[in-house]
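Protein chains: 2
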Amino acid sequence: MTGSATEPAEPSELVERLSQALGSGAVLTGEDIEARSCDPFTHLPPASPALLRPRSTDEVAAILAQCHAAGQPVVIHGGRTGVAGGAIASASELVVSLERMNRIIEVDPIGGTMTVEAGVAIEAVQDAAAAHGLFYPIDLGSKGTATVGGTIATNAGGNRVIRWGMTRQNILGLEVVLADGTVLDLLNRFIKNNTGYDLKQLFIGSEGTLGVVCKAVLRLVPGPTSQNVALVSLDSFAKVVELLGRARGLPQLSAFEVMWQDYYAIVSGDPARRLVDPAAAFYVLVEAMGYDEENDRDAFTGLLEQAFEDGLVVDAVIASSGKQAEDIWRVREGSEILVREMGPFISFDISVDIRRADEFVVAVRAALADAFDACRSVAFGHLGDSNIHIGVHVGPDTRERTHEIEACVYGVLRDFGGALTAEHGIGTLKRDFLPEHVSPAALATMRQVRRALDPDNLVNRHVMFES
Amino acid sequence: MTGSATEPAEPSELVERLSQALGSGAVLTGEDIEARSCDPFTHLPPASPALLRPRSTDEVAAILAQCHAAGQPVVIHGGRTGVAGGAIASASELVVSLERMNRIIEVDPIGGTMTVEAGVAIEAVQDAAAAHGLFYPIDLGSKGTATVGGTIATNAGGNRVIRWGMTRQNILGLEVVLADGTVLDLLNRFIKNNTGYDLKQLFIGSEGTLGVVCKAVLRLVPGPTSQNVALVSLDSFAKVVELLGRARGLPQLSAFEVMWQDYYAIVSGDPARRLVDPAAAFYVLVEAMGYDEENDRDAFTGLLEQAFEDGLVVDAVIASSGKQAEDIWRVREGSEILVREMGPFISFDISVDIRRADEFVVAVRAALADAFDACRSVAFGHLGDSNIHIGVHVGPDTRERTHEIEACVYGVLRDFGGALTAEHGIGTLKRDFLPEHVSPAALATMRQVRRALDPDNLVNRHVMFES
Chain F
1 MTGSATEPAE PSELVERLSQ ALGSGAVLTG EDIEARSCDP FTHLPPASPA
51 LLRPRSTDEV AAILAQCHAA GQPVVIHGGR TGVAGGAIAS ASELVVSLER
101 MNRIIEVDPI GGTMTVEAGV AIEAVQDAAA AHGLFYPIDL GSKGTATVGG
151 TIATNAGGNR VIRWGMTRQN ILGLEVVLAD GTVLDLLNRF IKNNTGYDLK
201 QLFIGSEGTL GVVCKAVLRL VPGPTSQNVA LVSLDSFAKV VELLGRARGL
251 PQLSAFEVMW QDYYAIVSGD PARRLVDPAA AFYVLVEAMG YDEENDRDAF
301 TGLLEQAFED GLVVDAVIAS SGKQAEDIWR VREGSEILVR EMGPFISFDI
351 SVDIRRADEF VVAVRAALAD AFDACRSVAF GHLGDSNIHI GVHVGPDTRE
401 RTHEIEACVY GVLRDFGGAL TAEHGIGTLK RDFLPEHVSP AALATMRQVR
451 RALDPDNLVN RHVMFES
Chain G
1 MTGSATEPAE PSELVERLSQ ALGSGAVLTG EDIEARSCDP FTHLPPASPA
51 LLRPRSTDEV AAILAQCHAA GQPVVIHGGR TGVAGGAIAS ASELVVSLER
101 MNRIIEVDPI GGTMTVEAGV AIEAVQDAAA AHGLFYPIDL GSKGTATVGG
151 TIATNAGGNR VIRWGMTRQN ILGLEVVLAD GTVLDLLNRF IKNNTGYDLK
201 QLFIGSEGTL GVVCKAVLRL VPGPTSQNVA LVSLDSFAKV VELLGRARGL
251 PQLSAFEVMW QDYYAIVSGD PARRLVDPAA AFYVLVEAMG YDEENDRDAF
301 TGLLEQAFED GLVVDAVIAS SGKQAEDIWR VREGSEILVR EMGPFISFDI
351 SVDIRRADEF VVAVRAALAD AFDACRSVAF GHLGDSNIHI GVHVGPDTRE
401 RTHEIEACVY GVLRDFGGAL TAEHGIGTLK RDFLPEHVSP AALATMRQVR
451 RALDPDNLVN RHVMFES
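As they're listed, the protein sequences go chains F and G. Counting along the first sequence from 1, when you hit position 445 you're at 445 in our numbering, and nothing is skipped either side. Counting along the second sequence from 1, when you hit position 234 you're at 234 in our numbering, and nothing is skipped either side.
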């Protein structure tokens, strides 16, 4: 089964050997594991007998080589903030956590690159970039905990994709350990490099199923010196689309976040978040980040004034300070209010044709109303990137009815030709739906690639699809 | 050898069958093939017995399925403007040309996408985008002939990578036919889509060795409404780097093209191209494209005035019309003058650490001077992307001594940790150097991927590496 010449070892014997090789503190067991969570919603701990904490690429390679020789499956842990269940670990799997590989190795201000270990947190990267007047554009609510490795594995998105792209677009190079312990040096630092296949693309977004990212070269951009943020309300989706078309004309446009009325109705229950009148059908957070305070401000306010004059916008508030900009962003980041007011909900992360996004939301609501007696939903998201999030609550047993709710929403999604996951990934939680959302030939090709790189299916074996 | 159940057919019998299936005009032989060129430098025609011209993805699939069943290797042709020998076809290979698949299928101005067949020329894409006020940023000297499929296969770069990225960054979806004729529908239109492995990344930049790109969804950006271009001269490389650092602060920066003195000395022999005094050590073309004519102009001239005041820049000319902008670009695109003045030369396309680019050029010149009695070289390139081109002439027998010259330059390149090819690709001409410029583990992984997708090695089998 392992293709290896040595005898499969018992997990405990293997753990013992790894423990000796890695030194004290490297291997956690028992209570130390149970105190951890694999998932920010369920807080499920790993069921694994041991958790390994390597301090270097060589140690990761040694662990994977020994696990490979023993036919021992592993699950890789970054910051464990992912919401698709990619970090869930069973009793038959060992966990390998990159948490002690969190060094920032080098910043190159001229080339605009930063080389880091995979376990470093996104916020630490942002801070290190800022110290050089530079900026790492990937920005997530969980940035204090989410790691570079985890965001690469999941090709994380976030709020500023419209301007700077997904994680993929911000990665120049990787160092990866394959399932058999082979170290792959793909630490490219160049914008342009066509020297053979760009293998790093394979690992970005493959959710740890093809290898373990140990180091990365990140692309940095000059640190923006201006930030303009506004919250506007609009009375039709056609006007939202028209505003988006105009906003794309701002090269500084860094976010275009839409909230449907149902979302804003809940979040604006908090007076600090009731920044515009909550009677309109749609709310949009527009942000532009640039390098010329005066001109950027003029261009931004010009856009909004013209939209107001043309009757596109009902109401608007423009931040006149960094504090007010944060207040506006807090409207968009109201998930703790949703949890409190709605109770348990199932969260969706889909992409759909921008022009049909409202039609899709309406169709989802109709399908949910048909299928469930009591249903409440909220819609919001990164419309400029075609990415909508929907939260659905069907009563106190919402979690137990997850699969029913998902089947309902994904059924509508298929009719609209939408994407099953925009930025969160497949993980273990959406795995069963993947075959309905990619073609059989595409799924077969994914399996071929996985078999080519991890023929024994040892790394994150339950993630994305069962091999 | 083919893994197929049917008997291998004789090429002529197979061609006869394909000819009947595809209809008249689809299959070229004899003189019609000999009139074609596989390579813009050598004008070598394909040695193939036949060239097939499918009109649809289904026809490509039928051709590849039949060739697969017969164990017949094929070479794929786009616009045949590549300079790495990727289109060279031997007598044992059939050519499949995408030239009749050149439809623009749809433009979506709200999503900012265009769906096209692979055989459409880049310039036709640019024109169709412009008709909607949109812009396809990939821009090459050969844009009138280079096709979307060819630029995807080679992950083409060009002049505006510093702003909008390589071809990879501008592709949202693909339709690909695998070596066995399987059609892979990866026609994603979303900026964010993490539904399984992003398989399209495999095909972009793999130079046709993993499958045939038949359709693509391109990402469009709003059409810039301002263009500012300047040519400046500087007296040290340190000042070039300083100017680059400052220019990166312009979000509109769309090109930063450097020419060493040796390049400008030749090109400025043409009086129409002698726009600044040719006595300086370095010449830089700076371009910014934006959406606000007045502010963009102010920011651009402000940058250059400050650089002048600070003694960074010796001389400068700023275009005050579209015509003058073209004149400045013509300085950078002086390759026909190089050919005329230098005679035959070998062209290099490498990436190197920006901070060490001049040190690298100096080291290459020293190594060439040691190795060759008479040597002339010119250096220029997309410095903002780390990408330098060097043209080397060692006498009338320059072409015959290609391998010697390459060995000399690539030897220096290895010491500098540079990339063997930045934007042109490996093709057949740089194939022998690939193993020295990627790690054995990386090369082995590339072969694994190739074997997984084309186990019989039937598509572009001599490109990139011999399987």
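The beta carbon of each residue, even a glycine, is placed where N, CA and C say it ideally should be. If you're wondering where the values come from, they're calculated on a predicted model, not measured in any experiment.
Secondary structure note for G:Cys408: its alpha helix (DSSP H) is the uninterrupted segment Thr402 to Asp415. Counting only runs of 4 or more residues that sit fully inside the stretch 169-251 of chain G, the alpha helix (DSSP H) segments are 200-203 and 237-247, in chain order. In the structure shown, F:Gly158 adopts extended strand secondary structure according to DSSP, grouped into three states. G:Glu34 is positioned such that its CB atom lies no closer than 8 Å to that of G:Asn159. Chain-ordered, the chain F residues with CB closer than 8 Å to the CB of G:Asn193 read Ser351, Ala419, Thr421 and Ala422.
Of the residues F:Gly79, F:Thr428 and F:Phe282, the one whose Cα lies closest to the Cα of F:Val313 is F:Phe282.
With a beta-carbon spacing of about 6 Å, F:Thr209 and F:Val459 fall inside the 8 Å limit used to define contacts. If you draw a straight line from the Cα of G:Leu383 to the Cα of G:Ile354, it is about 7 Å long. At least one C-beta of chain F is nearer than 8 Å to the C-beta of G:Leu453.
As the crow flies, the alpha-carbon of G:Ile88 is around 33 Å from that of G:Ala366. F:Met446 sits close to F:Phe465, with the two beta carbons spaced by under 8 Å. Under a criterion of Cβ atoms nearer than 7 Å, no residue of chain G is adjacent to F:Tyr136; the nearest Cβ is some 15 Å distant. Three or more beta-carbon pairs separated by less than 8 Å link the stretch 387-400 of chain F to the stretch 339-357 of chain F, which places the two stretches in contact. The Cβ of F:Leu18 sits no closer than 8 Å to any Cβ of chain G. A direct Cα-to-Cα measurement between F:Glu287 and F:Ala153 gives close to 28 Å.
The residues Leu52, Pro54 and Glu59, in chain order, have a CB closer than 7 Å to that of G:Leu22 in the same chain once the five nearest residues on each side in sequence are set aside. Within the stretch 10-52 of chain F, the complete alpha helix (DSSP H) runs of at least 4 residues fall at 11-22 and 31-34.
The criterion of a C-beta distance shorter than 8 Å is not satisfied by F:Leu178 and F:Leu186.
DSSP places F:Arg376 within a strand segment (E or B) once states are collapsed to three. Cβ contact annotation for F:Val83 (same chain, cutoff 6 Å, sequence separation greater than five): His424, in chain order.
Along the stretch 145-178 of chain G, going in chain order, the ones with a CB nearer than 8 Å to a CB of chain F are Thr154, Asn155, Gly157, Val161, Ile162, Gly165, Met166, Arg168, Gln169 and Leu178. By the neighbour-count criterion, in which 16 or more other beta carbons inside 10 Å mark a residue as buried, G:Pro222 falls on the buried side. At a cut-off of 8 Å between beta carbons, G:Gly290 contacts chain F. Residues are counted here when their Cβ sits less than 9 Å from a Cβ of chain F; for the stretch 238-252 of chain G these are Val241, Leu244, Gly245, Arg248, Gly249, Leu250, Pro251 and Gln252, given in chain order.
In this structure, F:Phe308 lies near F:Ala316, with their beta-carbon atoms less than 8 Å apart. When secondary structure is reduced to three states using DSSP, F:Ser335 falls in the helix class. Between G:Gln66 and G:Leu28, the CB-CB gap reaches or exceeds 8 Å.
Approximately 4 Å separates the beta-carbon atoms of F:Leu172 and F:Val217; this is inside 8 Å, confirming the contact. DSSP, reduced to helix, strand and coil, places F:Phe282 within a strand of the structure shown. Minimum Cα-Cα distance from F:Leu285 among the listed residues F:Tyr291, F:Leu275, F:Asn457 and F:Ala279 corresponds to F:Leu275. Residues Ile122 and Glu123 of the same chain have their beta carbon placed closer than 6 Å to that of F:Lys143, with the five preceding and five following residues left out of the count. An exposed status is given to F:Asp370, since fewer than 16 other beta-carbon atoms sit within 10 Å of its beta-carbon. The C-alpha of F:Ser37 lies about 24 Å from the C-alpha of G:Gly196.
The beta carbons of F:Tyr291 and G:Gly322 sit no closer together than 8 Å.
Contact with chain F is found for G:Tyr197, since one of that chain's Cβ atoms lies less than 8 Å from the residue's Cβ. Here DSSP, grouped into helix, strand and coil, assigns F:Asn460 to coil.
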